[in-house]
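Asker:
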């Protein structure tokens, strides 16, 4: 059988990786897939650079639509990124009857519903293993490996840039700004790091996982997104003293009404979290990724690897090419559904607002070091029914031992709470912040026991 | 479409789990699979107990062949275990045109070639996710998720019993015999623990992974198998002092000739190994499993979860049922091959004898505490071209400070070596053992850097 032919839209870091790995491992991949897989056409605005990457044997054009229009091309690989042009090209490729492979999490988190519907109608596959956690086959694990389970929750370190920064902050006692500059100098963060450090990239990925785990449409607009830009070195230190590490987690979770047991909806959130230091995922350092999945039958599983980079991402893109090659003549009704559930079997369970999320908390209060302060703070928590898990009192950081205005000694009060509804915690925090003895904005970080 | 019908052969711990999880999550599984999946017939010698598990709606028989002969049954689930009867029943099910799901690693590690050939000829699927690492979808990761890669090596904690014992030995400073008794009392080890503690179970699983990773037939008879029964508490302690943990690893690896770069063959081995304490897998404790896979494109990935137990194993069995349900009307040529490579694309690369394995070592020598001993020992290593990574000298264990016969003081000499061919190391060890100043059998444990 003649090789299956793929066309590449965009040959930057990942595209080059796909081309080189396909070439290097072509024989082994053919043995696995049962048929050769070749990239025979590449579209890139910089045709000279593209031609230099792929050599003379491959046709290079500057118009992506020429690839889509080529009747010899079976699969279109979209590696352009972004929302607008990528969306149009993917929709056109589907309309032209091409299978599509993409690494574009932003595209799928925002336009996934439209894209998967079009692909289903046209009877083509859209595969996207590379969109979440790079080379880790987490989409396949969720979509095929754990199909027996009612998934309870997923929590992942799914952004390497922020995990690298957090590791640096912890290891070297750096503040966020300094660690970010280090990460940029070392190539772990981009010149404009906004999408990474503000949690947007992680939220795109968490959105896709939430859809697959729970059979809901992708709903990025409902995700709660909080980055790591406000984390201070002292919080990482205090967390450490309490037996925790701070990680930026993407979390999605079924939430049940405790009274009736009925499903309330799906939590979908990205924010810095304290994680017990003894958890495996707490020890995932540097730019590595890891995803924990809790299923009702399998219990806890964890998937670990490189979440970005040329060849790790290419590994996932090519796995998708092999899946399509293995299946693309099969009866469409028996293909693996894009979001694990059949298209007519999507759930209408809502994504919950953040105020409905139930979790536990790390709180740090800069307070006046005087009698009665602790009683007031703990009194507010008790009145709201929030119980305390652990407490720590530490001298305030150097250079801030005294409050200039008042001249009173200050101290840091760190509290770990048991679980509580976030809406309740917000109200208590507002009350606490209003106490005259609370001298600075309260730091609140959510804590996930992941047990 | 009417539900797909499965028949269960053997309803013990795992079988009950499969039945209960299928029932509990039936709606969610149907939404994923696109079709209901039902167990409609069960064969077990203890029909009364079986009937009590499944209730009145399910037909229970004491003859497995009645299940295979039932024309309404689409899939036969083999959970009997063992080699002989299980082999006959699986072959008969295949001959009857049934798809087969099995959790039986012993069967596949020994009779896999025959079984997969028969299934390929008959055009049916034989799925076995549950055979390796229980609920962790490692077969799917290797067979589908990492298809882009030339796999370099796999190293796994794939036996929960031994990992539990090793964790106990380390945590509590116990000797093997005591830790084994604890494990038996707590239900982590069977009354006859031979298959687990001697490494046979792990070797079955490593054999299956080696075939999938490297495209070779299953060759359990070529595996090197060494258990944990000879491990002493003091070795675990010394390893700790050097920054290592001791784990029973199943390892399979491509081995290349360093001079020519040509593939020499595949390493396939199970034995206790020192692993750097900072590796994630070194921190996999208790009865948990984890598998590291090193691919040339993806780099290091790790898969972690429960390797045994009723519902974790059921999770994998049911994932196989869903895969079959999704695919079983598909064109046979486009199904996922049993061993990742197409049947006519198997490699004839040999499994290497242990003497051809190249690794590094932890050595512990009980020596006379006198001048010149160290020079003799290191001289033997140097003469064989083996370089030393680290060395440690410690007073000999309590109660053995002096050698009764000789009356000379004794000391323990611990050496970590760099990599060397095992055949060479065997020769050097024989020479060392012959030195008059070496007073006890030398302890040798292989060390894997896993980097």
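Protein chains in written order, with the UniProt record's numbering: chain D, 1 to 451; chain P, 1 to 451. Glycine residues also receive a C-beta, built at the ideal position from the N, C-alpha and C atoms.
Excluding the five sequence neighbours on either side, which residues of its own chain have a C-beta within less than 7 Å of the C-beta of residue 132 (chain P), listed in chain order?
Answerer: On the second chain, residue 132 (chain P) is found 132 positions in, with the first residue counted as 1. Around residue 132 (chain P): 105, 138, 139, 158, 205, 208, 209.
Asker: In the DSSP assignment, the beta strand (DSSP E) including residue 434 (chain P) goes from what residue to what residue?
Answerer: Translated into the one-based positions of the second chain, residue 434 (chain P) becomes position 434. Here residue 434 (chain P) belongs to no beta strand (DSSP E); instead the alpha helix (DSSP H) covers 422-434.
Asker: With 16 as the cutoff for other CB atoms within 10 Å, does residue 167 (chain D) come out buried or exposed?
Answerer: Taking the first chain and counting its residues from 1, one reaches residue 167 (chain D) at position 167. Per the 10 Å Cβ criterion, buried.
Asker: In the structure shown, what three-state DSSP assignment does residue 209 (chain P) receive?
Answerer: Here the question's residue 209 (chain P) lines up with position 209 in the second chain. Reduced to three states, the DSSP call for residue 209 (chain P) is helix.
Asker: Give the DSSP bridge partners of residue 83 (chain D), in chain order.
Answerer: Position 83 of the first chain holds residue 83 (chain D). Per DSSP, none; premise fails for residue 83 (chain D).
Asker: Would a check of beta-carbon distances place residue 369 (chain P) closer than 8 Å to chain D?
Answerer: Along the second chain, one-based indexing puts residue 369 (chain P) at 369. Not one chain D Cβ lies under 8 Å of residue 369 (chain P).
Asker: Chain D partners of residue 215 (chain P), CB-CB under 7 Å?
Answerer: In the second chain, counting from the first residue as 1, residue 215 (chain P) sits at position 215. Those within 7 Å of residue 215 (chain P) in chain D are 31.
Asker: How far does the beta strand (DSSP E) with residue 415 (chain P) in it extend, from its first residue to its last?
Answerer: Within the second chain, numbered from 1, the residue matching residue 415 (chain P) stands at position 415. Residues 410-417.
Asker: May I have the straight-line CA-CA distance separating residue 411 (chain P) from residue 417 (chain P), to the nearest angstrom?
Answerer: For this step, residue 411 (chain P) is matched to residue 411 along the second chain. For this step, residue 417 (chain P) is matched to residue 417 along the second chain. Each residue's Cα considered, the two are about 19 Å apart.
Asker: Might you give, ordered along the chain, the residues of its own chain that have their beta carbon closer than 6 Å to the beta carbon of residue 351 (chain P), omitting 5 neighbours on each side?
Answerer: Position 351 of the second chain, counted from the start, is the residue given in the question as residue 351 (chain P). Contacts found: 219, 222, 266, 268.
Asker: Which residues in the same chain as residue 156 (chain D) place their Cβ atom closer than 6 Å to its Cβ, once the five residues preceding and following it in sequence are excluded?
Answerer: Taking the first chain and counting its residues from 1, the one referred to as residue 156 (chain D) is at position 156. Contacts found: 250, 291.
Asker: Rounded to whole angstroms, what's the CA-CA distance from residue 444 (chain P) to residue 359 (chain P)? Just pull it up for me.
Answerer: Here residue 444 (chain P) refers to the residue found at position 444 of the second chain. Here residue 359 (chain P) refers to the residue found at position 359 of the second chain. Approximately 12 Å, taken between the alpha carbons.
Asker: Using DSSP with H/G/I as helix, E/B as strand and the rest coil, what is residue 35 (chain P)?
Answerer: Translated into the one-based positions of the second chain, residue 35 (chain P) becomes position 35. Note: residue 35 (chain P) maps to coil in three-state DSSP.
Asker: Roughly how many angstroms lie between the CA atoms of residue 325 (chain P) and residue 271 (chain D), to the nearest whole one?
Answerer: Within the second chain, numbered from 1, the residue matching residue 325 (chain P) stands at position 325. Within the first chain, numbered from 1, the residue matching residue 271 (chain D) stands at position 271. Taking the straight line joining both Cα atoms gives about 38 Å.
Asker: Identify, in the order they occur along the chain, each residue of the same chain with its Cβ nearer than 8 Å to the Cβ of residue 79 (chain D), setting aside the five sequence neighbours on each side.
Answerer: Against the first chain, residue 79 (chain D) aligns to sequence position 79. Closer than 8 Å at the Cβ level, and outside the excluded window around residue 79 (chain D), lie 8, 9, 10, 11, 12, 14, 15, 18, 102, 103, 104, 317.
Asker: Please report how far the alpha carbon of residue 227 (chain P) lies from the alpha carbon of residue 177 (chain P), in whole angstroms.
Answerer: Translated into the one-based positions of the second chain, residue 227 (chain P) becomes position 227. Translated into the one-based positions of the second chain, residue 177 (chain P) becomes position 177. Looking at the two C-alpha atoms, the distance is approximately 13 Å.
Asker: Using CA coordinates, which residue listed in P:98, P:442, P:56, P:345 is at the minimum distance from residue 321 (chain P)?
Answerer: Within the second chain, residue 321 (chain P) is the residue found at index 321, counting from 1. The shortest Cα separation from residue 321 (chain P) among P:98, P:442, P:56, P:345 belongs to P:98.
Asker: Note down, in chain order, all residues in the segment 144-164 of chain D with a beta-carbon under 8 Å from any beta-carbon belonging to chain P.
Answerer: Listed by position along the chain: 144, 145, 146, 147, 148, 149, 150.
Asker: Using the Cβ count rule (16 or more neighbours within 10 Å means buried), how would you classify residue 432 (chain D)?
Answerer: Reading the first chain from its first residue, position 432 is the one you call residue 432 (chain D). Classification for residue 432 (chain D): buried.
Asker: Which one or two residues does DSSP pair with residue 159 (chain D) in a beta bridge?
Answerer: In the first chain, the residue the question calls residue 159 (chain D) occupies position 159. None, per the DSSP bridge assignment.
Asker: For chain P, is any of its Cβ atoms less than 8 Å away from the one on residue 11 (chain D)?
Answerer: Taking the first chain and counting its residues from 1, one reaches residue 11 (chain D) at position 11. Chain P, which has no Cβ nearer than 8 Å to the Cβ of residue 11 (chain D), makes this no.
Asker: If the cut is a Cβ gap below 9 Å, which residues of chain D does residue 78 (chain P) touch?
Answerer: Within the second chain, numbered from 1, the residue matching residue 78 (chain P) stands at position 78. None at all; the shortest Cβ gap to chain D is about 17 Å.
Asker: By a C-beta neighbour count over all protein chains shown, 10 Å radius and 16 as the cutoff for buried, is residue 298 (chain D) buried or exposed?
Answerer: Along the first chain, read from residue 1 onward, the residue named residue 298 (chain D) stands at position 298. It is buried - the Cβ of residue 298 (chain D) has at least 16 other Cβ atoms within 10 Å.
Asker: Taking only the alpha-carbon atoms, compute the straight-line gap between residue 57 (chain P) and residue 39 (chain P) and give it to the nearest angstrom.
Answerer: Mapped onto the second chain, residue 57 (chain P) falls at position 57. Mapped onto the second chain, residue 39 (chain P) falls at position 39. Going from the Cα of residue 57 (chain P) to the Cα of residue 39 (chain P) covers about 10 Å.
Asker: Mind checking whether residue 280 (chain P) and residue 263 (chain P) have CB atoms under 8 Å apart?
Answerer: Looking up residue 280 (chain P) in the second chain gives position 280. Looking up residue 263 (chain P) in the second chain gives position 263. Cβ atoms of residue 280 (chain P) and residue 263 (chain P): not closer than 8 Å.
Asker: Can you confirm whether residue 3 (chain D), when its beta carbon is compared against all beta carbons of chain P, has any partner nearer than 8 Å?
Answerer: Residue numbering aside, residue 3 (chain D) sits at position 3 when the first chain is read from its first letter. Chain P contact via Cβ: absent.
Asker: I'd like to know whether the C-beta atoms of residue 90 (chain D) and residue 124 (chain D) end up nearer to each other than 8 Å.
Answerer: Locating residue 90 (chain D) in the first chain gives position 90, where the first residue counts as 1. Locating residue 124 (chain D) in the first chain gives position 124, where the first residue counts as 1. The answer is no: Cβ separation not under 8 Å.
Asker: Within this structure, are the beta carbons of residue 198 (chain D) and residue 161 (chain D) separated by less than 8 Å?
Answerer: Here residue 198 (chain D) is taken as the residue at index 198 of the first chain, counted from 1. Here residue 161 (chain D) is taken as the residue at index 161 of the first chain, counted from 1. No. Outside cutoff.
Asker: Does DSSP put residue 295 (chain P) in a helix, in a strand, or in coil?
Answerer: Indexing the second chain from 1 puts residue 295 (chain P) at position 295. DSSP places residue 295 (chain P) in strand when its eight states are reduced to three.
Asker: Kindly indicate the opening and closing residues of the beta strand (DSSP E) around residue 256 (chain P).
Answerer: Start at 1 with the first residue of the second chain, and residue 256 (chain P) comes out as number 256. Taken as a continuous stretch (DSSP letters only), the beta strand (DSSP E) holding residue 256 (chain P) covers 244-256.
Asker: Here's a check: name, in chain order, each residue in its chain whose Cβ is nearer than 8 Å to the Cβ of residue 334 (chain D), leaving out the five neighbours to either side.
Answerer: In the first chain, counting from the first residue as 1, residue 334 (chain D) sits at position 334. Because residue 334 (chain D) carries a pLDDT of 40, less than 50, the predicted location of this residue cannot be relied on, and no value is offered for it.
Asker: Would you say residue 408 (chain D) and residue 368 (chain D) are within 8 Å of each other, going by their C-beta atoms?
Answerer: Along the first chain, read from residue 1 onward, the residue named residue 408 (chain D) stands at position 408. Along the first chain, read from residue 1 onward, the residue named residue 368 (chain D) stands at position 368. Going by C-beta atoms, residue 408 (chain D) is nearer than 8 Å to residue 368 (chain D).
Asker: In its own chain, which residues sit with a C-beta less than 6 Å from the C-beta of residue 384 (chain P), not counting the 5 before and 5 after it?
Answerer: Working through the second chain from its first residue, we reach residue 384 (chain P) at position 384. 424, 428, listed in sequence order.
Asker: What residues from the segment 261-279 of chain P come within 7 Å of chain D, judged by C-beta to C-beta, listed N to C?
Answerer: Within the segment 261-279 of chain P, no residue qualifies.
Asker: Would you kindly work out how many angstroms separate the C-alpha atoms of residue 217 (chain D) and residue 114 (chain P), rounded to a whole number?
Answerer: Within the first chain, residue 217 (chain D) is the residue found at index 217, counting from 1. Within the second chain, residue 114 (chain P) is the residue found at index 114, counting from 1. Each residue's Cα considered, the two are about 44 Å apart.
Asker: Would residue 388 (chain D) count as contacting chain P if we go by Cβ distances under 8 Å?
Answerer: Against the first chain, residue 388 (chain D) aligns to sequence position 388. With 8 Å as the cut-off, residue 388 (chain D) does not count as an interface residue toward chain P.
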